[in-house]
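Shown next, in structure tokens, is the structure this report addresses.
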Amino acid sequence: MLPAAARDMDVGMPDETESRHWLQWWDSDQGLWRDREVNTERKMQEVRAEAERKVQEAHLDERITGMHSMLKTKLFGASLAQIEANWRQAGQGRTMAEVTEVWLGQAD
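Residue numbers for the sequence shown follow this note's numbering, so the first one is 108 and each next one is one higher.
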């Protein structure tokens, strides 16, 4: 992130000389200039990322539940547990076509 003056933004309240100032500091760990605007923007990015993660996790749970219901009649409990563990490790559910290919031995 650029310093505030380089971002063409209002840099705070005027002082006696009508110059504007904005408290900033260099965060060498993250390689950016920090100020209240940057902090707010980064916080919003974190909130959005967390919300997206929760949505993806819920979607994954729904897909796994769907696959379980389709496979329960064909697989033993231990196999279902292993499939679920593999799906969670991979971070994604599989489509019915993909599950069928694996079940039939046509894919890994």
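Glycine is no exception: its CB is placed at the ideal position from the N, C-alpha and C atoms.
Quiz item: Grouping DSSP H, G and I as helix and E and B as strand, with all else coil, what is Leu-139?
Solution: What you label residue 139 is simply residue 32 of the sequence shown in a count that begins at 1. DSSP places Leu-139 in strand when its eight states are reduced to three.
Self-check item: Rounded C-alpha distance that separates Val-209 from Glu-159
Solution: Locating residue 209 in the sequence shown gives position 102, where the first residue counts as 1. Locating residue 159 in the sequence shown gives position 52, where the first residue counts as 1. Taking the CA atoms as reference points, Val-209 sits about 29 Å from Glu-159.
Self-check item: Beta-carbon proximity list for Glu-164, same chain, < 8 Å, skipping 5 on both sides
Solution: The residue you call residue 164 lines up with position 57 of the sequence shown. Within the same chain, Glu-164 has no close Cβ partners at all.
Practice problem: Counting only the same chain and skipping the five closest in sequence on each side, list residues whose C-beta sits under 7 Å from that of Asp-134. | Solution: In the sequence shown, the residue the question calls residue 134 occupies position 27. Once the five neighbours on either side are set aside, the close Cβ partners of Asp-134 are Arg-141.
Practice problem: Check the C-beta distance from Glu-205 over to Ala-197 and give it rounded, since I have them as a contact under 8 Å. | Solution: Within the sequence shown, the letter at position 98 stands for residue 205. Within the sequence shown, the letter at position 90 stands for residue 197. Not really, about 11 Å apart at Cβ, beyond 8 Å.
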